[in-house]
Structure formats: C-alpha cells, structure tokens
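Student: There's a structure below that I have some questions on.
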Amino acid sequence: MMFDLVWLIPTFPLAGVLINGLLGRRIEEKSKSLVHWIACGAVGLSFLVTLILFVQLLGLAPEKRLYDFTWFTWIASGDFNVSVAYQIDPLSMFMCMFVTGVGFLIHVYSIGYMWHDEGRYYRYFAYLNLFMFSMITLVLADNFLLMFLGWEGVGVCSYLLISFWFSDLANAIAGKKAFITNRVGDFFFALGLLLLVTHLGGHGIWSLKFSDVFSNAYLLSPNLITLICLLFFLGCTAKSAQIPLYIWLPDAMAGPTPVSALIHAATMVTAGVYFVARCNVLYSMSTLAMGVVAVVGALTALLAATIALTQNDIKKVLAYSTVSQLGYMFMGLGVGAFAAGLFHVLTHSFFKALLFMCSGCVIHALSGEQDMRNMGGLREKMPITFYTMVIGTLAIVGFPGLSGFFSKDEILWKAFSGEHGSFILWLIGVLAAAMTAFYMFRLIFMTFFNECRASEEVKKHIHEAPKTMTVPLMILAVLSIFGGYIGVPESLGGSNLAEHFLDPVIGLGKGKLFSSAGGPALIHKVSETVEHHSFEIEYWLMLLTIVIVFAGILFAYTMYMKKRSMPEALSAANPSVYRLLLNKWYVDELYEKTVINPLRSISQFLWKGIDVVVIDGLVNSTAGFFMKCGVTWKVSQSGNVQRYAVSFLVGVFVLVAYYMYMR
Amino acid sequence: MNDYQSTYLALSAILFAIGTLGVITRKDAIVVFLCIEIMLGAVNLAFVAFSRANQSAEGLFMVICVMAVAGAEAAIGLAIFVLLYRKTGTINIDKFNLLKW
Chain A
12 MMFDLVWLIP TFPLAGVLIN GLLGRRIEEK SKSLVHWIAC GAVGLSFLVT
62 LILFVQLLGL APEKRLYDFT WFTWIASGDF NVSVAYQIDP LSMFMCMFVT
112 GVGFLIHVYS IGYMWHDEGR YYRYFAYLNL FMFSMITLVL ADNFLLMFLG
162 WEGVGVCSYL LISFWFSDLA NAIAGKKAFI TNRVGDFFFA LGLLLLVTHL
212 GGHGIWSLKF SDVFSNAYLL SPNLITLICL LFFLGCTAKS AQIPLYIWLP
262 DAMAGPTPVS ALIHAATMVT AGVYFVARCN VLYSMSTLAM GVVAVVGALT
312 ALLAATIALT QNDIKKVLAY STVSQLGYMF MGLGVGAFAA GLFHVLTHSF
362 FKALLFMCSG CVIHALSGEQ DMRNMGGLRE KMPITFYTMV IGTLAIVGFP
412 GLSGFFSKDE ILWKAFSGEH GSFILWLIGV LAAAMTAFYM FRLIFMTFFN
462 ECRASEEVKK HIHEAPKTMT VPLMILAVLS IFGGYIGVPE SLGGSNLAEH
512 FLDPVIGLGK GKLFSSAGGP ALIHKVSETV EHHSFEIEYW LMLLTIVIVF
562 AGILFAYTMY MKKRSMPEAL SAANPSVYRL LLNKWYVDEL YEKTVINPLR
612 SISQFLWKGI DVVVIDGLVN STAGFFMKCG VTWKVSQSGN VQRYAVSFLV
662 GVFVLVAYYM YMR
Chain B
4 MNDYQSTYLA LSAILFAIGT LGVITRKDAI VVFLCIEIML GAVNLAFVAF
54 SRANQSAEGL FMVICVMAVA GAEAAIGLAI FVLLYRKTGT INIDKFNLLK
104 W
C-alpha cells in the first residue's frame, strides 16, 4: 500500500537535522552549498511523498479517505497505549501539502537570504529542518500525544530561530518571550489533555487516538467538554497568536525574515487553527466554546488590524496582519465554518509567506533597514519584488478574483449566516478587512512609491534579489492568485472543492465517517440552513465588502500618495488615539503591570524570603551547630597517650561500678 | 579446698594497680611498656588462680595465649622504640602526640 510510505514524510527532515546538526560544521567547511542541498532536498522529498499520497487519496472514494499507519508503539503502560502513528485523511493531507510545499519554497529562499551568514549556515538549516519535522508530526499525528510532541517541537524551534542572531540581546529576549508565552498556553493545553485522558479513562477508554476520543466523546458531560475545549483553546491562543497571548508574535520578527515567513505566517501559527478544526467534534458539542472561539477571533482580528495601522516597521505591520488574519480563521471556526477557516489557512499561507519573503528582499536590499519611513521608490529598482508583493497585497485585502477574496468572503459570509454567526461578527470582520486594505496599501506606498528616503550609503547597494529568492516569490505569487480557485463558493458558480474535500473530517459532527467506520453516529447536527439560503444576500454582502475594501485602499492612496501631509495632520489632531495605537494599546505594559511584575515580586519573595532565609537558614544553622560542637570538643583529642589511658581507666571504673551497683 | 585463692587474687589486684599507675604516670616509653607487662602478669595470675579453683584447664590455656601475645607485642614494641629513638633521639612519650586535631 502506498500509504505505508507516510513515515517517510517526517523522516526526511529528521535525517536532514541529524546530518546538518551533527556534521554540519565539517560539511560547511568543505562545501557550503552542500548544507542547503541536504536541507532543501530533505523537505523537497517530503513534499514529493506528500504529493504522491495526496493524489492517491484523491483517487479514493470520499468516505474511504482515512488510513491509519502505525509505525511503532511509543508508550505502553497497562491499558494506556500510545503509538507513533500517522493518520492520512483529507485534513492532515491538506495541511501537510502546504506545510511541506510552502516550507520547501521558504527553504529555497533561505539559501539566498542566509548565504552571507558565516559559520552558522548549517545551524540555521538544521533548525529549519527540525521545524519541518515537528510541524509534519503535528499535522500527521493520529493521536493527541504525538501531536503534542510536534506542538512542543515547533515551540522549541521558534525559540531557536527567533533568537537565531542571539548575540543581539533584543533578539534573545524576543525568543524568550515567544517561548514563555507559548509555555503558558501549553500548560493549559496539557491540562486539557490530562482532563481528557483521565475522564475518558474513567469510562474505560485508555486511548488518545483522535478517532477513539471523538467517537467516545459523547460519554463525557457537556460541561467537561466545554472546559476541555476552552483549555485547548487557550493553548491555541498562544500558538496561533490570539488574544490574550498574541503578544509574542510581533516580537518574533526579530528572527531572520524567512523564519518569519515560515513559522510566523505560513505554518506554526496555523497549528491552533488546525487543532480546533481537528477537534471539531468536541467543539461542535459545546456552544459556549464555539462562541468563545468566534468572539476571540473577531476581537483579535480587529485589535491587531488597528495596531497595524500605525506601525512603521515593515515586518511588524505584516506580523500584526498575520495576527489579524489568524483572528479571521478562528472567527470562521467559531461560527462553525471549519472548512472556510482551513481554506483561509491555505490561502493565507501562500500570500503571507509571499509578503514576508518580499519584505525580506526589501530588507536585504536595504542592508537590514526595516523602518518604512526610510524606504520608498523601490519600484523601479526591484521590479520582481514589487510586482509579487502587490499581488500578495491584493490577495490579502481580498481583491476580487484573488485567493484571499474567496477565503475571506467565505468566512465573512459564514460569520453572517452560520448557525453560530451574527451580524456583529460580520461587521467586525468587515471593519478589519477595511483596515487591512488600508495598512497593506500604506505599506506598499511607503515602500515602493515616491522618493527614496534611504541614506546615500544604503542607496548604492539597492539591488534585486538573487534567483533563489525571486523564483519562490514568483511561484507563491501564482499560488496567491490561483490558489483560491479550489474553493470558489457555489454562489459564484464554483463548487467549493476545498470544502467538499474536507467534508469527511469536518463532517464528523454529522456522523458520516463514523457510521461508515462502524462507530456510533454522533448526536450533534450541523444545520443545513446554509445551503438553502438565497444567494441574493450573499451577493449584496460581498459587494458591500468589496466597496469597503476599496474605500480602505483609496484612503491609503490619498494619505500616502496624494496628500502626504495628511498622516501627520491626522495624528496631530488625535494624539491620544495615535499614541494608543502606536503603543499597541499598551497591552505589553498592561501585562507587565498585572502579570509579570506581581509574578516577579512573588518570585523575589520566594527567593530572598523563603529560599535564602528559611531554607538556606535551616541548612546552614544545622551545619553551624555541629561545627561549634566540633570546635568545642576537639581539644579533648590531645594526642597524649597517657591521657587516653586515663580515660580508658575512668571508663572501666564506670562500667564496673555500673555492673556492680546498678544491676 | 581453695585456701589461698583470695591471697592470689589480692596479689593480682595489687600488681594490676601498680601496672596501671605506672602506665599513666611514667614518661619513659620502655617503662610504660614494662608496666603494661606487669598488668598482663597480674591478669595471668588471676587466670591461674581461677583455673585451679575451678579445676579446669581453660584458664591455663588463656594464660598461654596472653603470654604469646605479650611476647609478640614486646618484639614489635621494642622495634618501634628503636626506630623512634633513631628518628627523634628520645623515647619520652610526651613528645609523641601527633595523633590529635
């Protein structure tokens, strides 16, 4: 069976890690290009295997698209059993396709971007491959625990890669921030996992396999499901950068730009979306959890968009737009449109990777400059970067016909019409879309148009990026344009292939797959109202969204092309609002005050109060007591033989007296 | 039957006391050593007395053991003293107080 080759997909990158990680220094000394041939080759082979399996999967009938490959037993403890096993179904293949595909392009792009980094080239690629391994494990795992392994793995790799240039303190701190924030989320995630294990175990099901858990989830009480879902979602907010734990992602831009593209746009941050979609059975059982997901997603989309309006760092703008787009995805998931959310994950991974890589080219050309106020006029000098970036921007703002349009529109429509949807969610989504249009075009105008504001020194070096960087850009640009056509909604004459492809997994709530697999059909019913809606409202809403988006673009054009004094006038007119946005709503400061400082003072107390005074004091004073005893009594050891003899004698007298009189 | 037993024991006790006093008061290592021999002799005497009183050979056997040990001890002890004297020029035991803190 072809599907038994699935273990090759994670193994190739792992082999890359081992080769480059253990022998990299020597390989790099011998021939630098061998390092990236190994790394890119490993991911490329993974992509090839994924592609083959994907085609195989498409050849099967939809209800047969589930294959479980058990490689070996990982943990066996009594009844509890966990295997290293991979699940091939539409969802895992869908994710794996773009993880390996986009990942491969970013690996190729990294060659050009990191080439000048002396002595650490092999390490960079080893980390990158380790990341691919973790992410592939995450999406292919057939049980919660193996998925959690990948989940933690991507966290570690993001730490390693964000603080890759760790000799700069700010980068090291950014890496730490990402890691610790993720750790907070992972803690709650682990709590949810433990709750799930113990309670399912209470019903005799000692398994963490997705299929076992989902088909037996009806045994758990609704409140428990809600609690587990919320704990899991907290884990997802850290990994996928949602309120309240999104704060690490903008700082994560400290890493090399391809890393930002790979981890913080295309793959790692989608883990949370993937997880919620994977657990759609659990989430569908809890209206409250769904509501929380939708509301948090919508609020994040809006909040991040407002912050992005005023940022001047080109990567920060993109980072906040990532947070915002992730908010969209969660909003989609929360209103029950799992397929729409995942579809947006796919299109977003194309255009956001593209945007990040374009920004990487810009930064590369400007010798590391990231502030957009020092850019401008790059259109003629870097035509490929310019055109691809414009395509990416049009895709992200939802220009009709490009990939972002279909996915975003699908989410907005479901937010309006879905069973958990509401008008307010839709409105928030549209507002965020308008802001997206504004800040993305602000970025384009500031970077590529008008006069060049860079210093003369930098200007001399401006050049188009090498082929290894521009070719991935062009491929991603094509995907950003046409990637959306796999999910054209029915109202526009398409057949929404993506949604139907994912149906067997997402439709678990409808009991399709499990009734065919012999499991109990689940009680939950997904309402079918969506399909019966008239298309008329959908057209109107679509049109309205397009108009609002164009208004955003026009506004950006006026502010940054026509009347270029306007931004300053606006910020001068509303200084408090401007400062609030520029300082990111003071969320970091709020966390500093409410969480970090109390935590720090508690730690200080535990350190200086409890540890130093009480614990160390106890140990030290015990030692001190015996020290004193020794000092006092050591004089009795005079070394004089006759004194010792006297003490023998006294001892003998005492013993004799004892035996004579006391007994 | 055992008319002289208490006399033997008294003599033994006196000898033992003399030996003990010698051990703790004299400074010359050889004299201290001789005093130890006196103590051993006193103990041997007590053994013999009891052996005779109890009409058993066990006491006599003990005495032979003690004498053998005392002989060995004398040989080693004297050798140590000779070496000490060669090294330090004295065998005054107050000088040898190295076994201390």
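Chains as they are written, first to last, in our numbering: chain A, 12 to 674; chain B, 4 to 104. Think of the CB as a built atom: it goes at the ideal place given N, C-alpha and C, for glycine as much as any other residue. Keep in mind it's a predicted model, so treat the numbers as computed, not measured.
For Gly529/A and Tyr78/A, what's the separation of their Cα atoms in angstroms?
Tutor: Sequence index remark: in the first sequence, residue 529/A carries index 518 (1-based). Sequence index remark: in the first sequence, residue 78/A carries index 67 (1-based). Low per-residue confidence applies at Gly529/A: pLDDT is 36, beneath 50, and the placement is therefore not dependable, though the value from the model is reported in the following sentence. Between Gly529/A and Tyr78/A, the C-alpha separation is close to 15 angstroms.
Student: Could you tell me the distance, in whole angstroms, from the CA atom of Ala580/A to the CA atom of Gln322/A?
Tutor: By one-based count along the first sequence, residue 580/A stands at place 569. By one-based count along the first sequence, residue 322/A stands at place 311. If you take the alpha carbons of Ala580/A and Gln322/A, they lie about 17 angstroms apart.
Student: So is Lys103/B in contact with chain A if we call contact Cβ pairs under 8 angstroms?
Tutor: Within the second sequence, numbered from 1, the residue matching residue 103/B stands at position 100. Yes, Lys103/B counts as interfacial toward chain A.
Student: Could you round the C-beta distance between Thr248/A and Gly196/A to whole angstroms and report it? I think they count as a contact, below 8 angstroms.
Tutor: Within the first sequence, the letter at position 237 stands for residue 248/A. Within the first sequence, the letter at position 185 stands for residue 196/A. The pair is a contact, with the Cβ atoms about 6 angstroms apart (cut-off 8 angstroms).
Student: Measure from the alpha carbon of Phe416/A to the alpha carbon of each residue in His472/A, Leu314/A, Phe354/A and Tyr450/A, then state which is nearest.
Tutor: On the first sequence, residue 416/A is found 405 positions in, with the first residue counted as 1. The option with the nearest alpha carbon to Phe416/A is Phe354/A.
Student: Quick one: Cα of Gly555/A to Cα of Leu610/A, how far?
Tutor: Your numbering for residue 555/A matches position 544 in the first sequence. Your numbering for residue 610/A matches position 599 in the first sequence. Sequence inspection shows Leu at residue 555/A; the Gly mentioned does not correspond to that position. The alpha-carbon separation between Leu555/A and Leu610/A amounts to approximately 47 angstroms.
Student: Does chain A have any CB closer than 8 angstroms to the CB of Asp97/B?
Tutor: Here residue 97/B corresponds to residue number 94 of the second sequence, with the count starting at 1. So, interface residue.
Student: Name the chain A residues that come within less than 9 angstroms of Thr93/B, Cβ to Cβ?
Tutor: The count along the second sequence starts at 1 and reaches residue 93/B at position 90. None at all; the shortest Cβ gap to chain A is about 14 angstroms.
Student: When DSSP labels each residue in this structure, what does Gln322/A get in the three-state scheme?
Tutor: As a working note, residue 322/A is residue 311 in the first sequence. Of the three classes helix, strand and coil, the one that applies to Gln322/A here is coil, per DSSP.
Student: For Ile79/B, does the count of other Cβ atoms within 10 angstroms reach 16, so buried, or fall short, so exposed?
Tutor: Locating residue 79/B in the second sequence gives position 76, where the first residue counts as 1. Exposed, since its Cβ has fewer than 16 Cβ neighbours within 10 Å.
Student: Exposed or buried, what is Cys640/A when buried is set at 16 or more other beta-carbons lying within 10 Å of its beta-carbon?
Tutor: Residue mapping note: residue 640/A aligns to position 629 of the first sequence, counting from 1. Classification for Cys640/A: exposed.
Student: Helix, strand or coil for Trp596/A? Go by DSSP, reduced to three states.
Tutor: The count along the first sequence starts at 1 and reaches residue 596/A at position 585. Helix, per DSSP.
Student: With a threshold of 8 angstroms, are at least 3 pairs of Cβ atoms found where one atom belongs to the region 35-47 of chain A and the other to the region 65-73 of chain A?
Tutor: no
Student: Consider the Cβ of Ile27/B: report whether some Cβ of chain A lies at a distance smaller than 8 angstroms.
Tutor: Reading the second sequence from its first residue, position 24 is the one you call residue 27/B. Yes - at least one Cβ of chain A is within 8 angstroms of the one on Ile27/B.
Student: From Lys471/A to Ala376/A, what distance separates their C-alpha atoms?
Tutor: The residue labelled residue 471/A in the question sits at position 460 within the first sequence. The residue labelled residue 376/A in the question sits at position 365 within the first sequence. Going by the C-alpha atoms only, they are around 10 angstroms apart.
Student: Looking at the structure shown, is Lys523/A part of a helix, part of a strand, or coil, going by DSSP?
Tutor: Along the first sequence, read from residue 1 onward, the residue named residue 523/A stands at position 512. Note that Lys523/A scores 41 on pLDDT, short of 50, meaning its location in the model is unreliable; the coordinates nonetheless yield the value given after this. Residue state, collapsed to three classes: helix.
Student: By the three-class DSSP mapping on this structure, what secondary structure does Phe99/B have?
Tutor: Translated into the one-based positions of the second sequence, residue 99/B becomes position 96. Coil.
Student: How should Trp259/A be labelled, buried or exposed, when 16 other C-beta atoms within 10 angstroms of its C-beta is the threshold for buried?
Tutor: Position 248 of the first sequence, counted from the first residue, corresponds to residue 259/A. Looking at its Cβ environment, which holds 16 or more other Cβ atoms inside 10 Å, Trp259/A is buried.
Student: Give the DSSP-derived three-state secondary structure of Ile30/A in the structure shown.
Tutor: The sequence position of residue 30/A within the first sequence is 19, counting from 1. Helix.
Student: Please list the terminal residues of the continuous beta strand (DSSP E) segment that includes Ile607/A.
Tutor: Walking along the first sequence from the start, residue 607/A turns up at place 596. From DSSP, Ile607/A is part of no beta strand (DSSP E); its letter is neither H nor E.
Student: Between which two residues does the alpha helix (DSSP H) harbouring Ala49/B extend?
Tutor: As a working note, residue 49/B is residue 46 in the second sequence. Counting along the chain, the alpha helix (DSSP H) containing Ala49/B begins and ends at Ala32 to Asn57.
Student: By Cβ distance, which residues of its chain are closer than 6 angstroms to Phe105/A, with the 5 residues on each side in sequence left out?
Tutor: By one-based count along the first sequence, residue 105/A stands at place 94. Within the same chain, no residue comes within 6 angstroms of Phe105/A by CB-CB distance, once the 5 residues on both sides are set aside.
Student: My output table needs one value for Ile216/A: the three-state DSSP class, helix, strand or coil.
Tutor: If you number the first sequence from 1, residue 216/A lands on position 205. The answer is coil: DSSP assigns Ile216/A none of H, G, I, E or B.
Student: Work out the CA separation of Arg384/A and Leu592/A for me, nearest whole Å.
Tutor: Looking up residue 592/A in the first sequence gives position 581. Looking up residue 384/A in the first sequence gives position 373. Straight through space, the alpha carbons of Arg384/A and Leu592/A are spaced by roughly 17 angstroms.
Student: Between which residues of its own chain and Gly166/A is the CB-CB distance below 6 angstroms, once the five residues before and five after are set aside?
Tutor: To locate residue 166/A, count along the first sequence from 1; it is residue 155. Around Gly166/A: Asn193.
Student: From the beta carbon of Thr10/B, is the nearest beta carbon of chain A less than 8 angstroms away?
Tutor: Position 7 of the second sequence, counting from 1, holds the residue named residue 10/B. No, its Cβ sits nowhere closer than 8 angstroms to a Cβ of chain A.
Student: Check the Cβ of Gln653/A against every Cβ in chain B and list those closer than 9 angstroms, keeping chain order.
Tutor: Sequence index remark: in the first sequence, residue 653/A carries index 642 (1-based). Neighbours of Gln653/A on chain B, chain order: Val26, Ile27, Thr28, Arg29, Lys30, Val35, Ile96 and Asp97.
Student: In chain B, what lies closer than 7 angstroms to Ser649/A by C-beta?
Tutor: As a first step, residue 649/A must be located in the first sequence, where it is residue number 638. Using a Cβ-Cβ cut-off of 7 angstroms, Ser649/A is close to Asn100 and Lys103 of chain B, given in chain order.
Student: Considering only the alpha carbon of each residue, which of Ala509/A, Phe397/A and Phe512/A lies closest to Phe456/A?
Tutor: Residue numbering aside, residue 456/A sits at position 445 when the first sequence is read from its first letter. It is Phe397/A.
Student: Spatial neighbours of His359/A within its chain, please: CB distance less than 6 angstroms, with the 5 preceding and 5 following residues excluded, ordered by chain position.
Tutor: Position 348 of the first sequence holds residue 359/A. Excluding sequence neighbours, His359/A sits near Gln336.
Student: Should Ala52/B be counted as a contact of the ligand MN given a C-beta to heavy atom distance under 7 angstroms?
Tutor: No copy of the ligand MN appears in this structure; indeed no ligand is present at all.
Student: Once the 5 residues before and after Trp424/A are set aside, which same chain residues still bring their CB inside 6 angstroms of it?
Tutor: One-based indexing of the first sequence puts residue 424/A at position 413. Here the set comprises Glu549.
Student: How is Ser433/A classed by DSSP in three states: helix, strand or coil?
Tutor: As a first step, residue 433/A is located in the first sequence; it is residue number 422 there, counting from the start. Note: Ser433/A maps to coil in three-state DSSP.
Student: Spatial neighbours of Ala73/B within its chain, please: CB distance less than 7 angstroms, with the 5 preceding and 5 following residues excluded, ordered by chain position.
Tutor: Reading the second sequence from its first residue, position 70 is the one you call residue 73/B. Excluding residues up to 5 positions away in sequence, Glu40 and Leu43 lie with their Cβ nearer than 7 angstroms to the Cβ of Ala73/B in the same chain.
Student: If we call anything under 8 angstroms between Cβ atoms a contact, is Val373/A one with Ile407/A?
Tutor: By one-based count along the first sequence, residue 373/A stands at place 362. By one-based count along the first sequence, residue 407/A stands at place 396. No. Outside cutoff.
Student: If you follow the alpha helix (DSSP H) that Tyr88/B is part of, which residue opens it and which one closes it?
Tutor: As a position in the second sequence, residue 88/B is number 85, starting the count at 1. That run of the alpha helix (DSSP H) goes Glu61 to Thr91.
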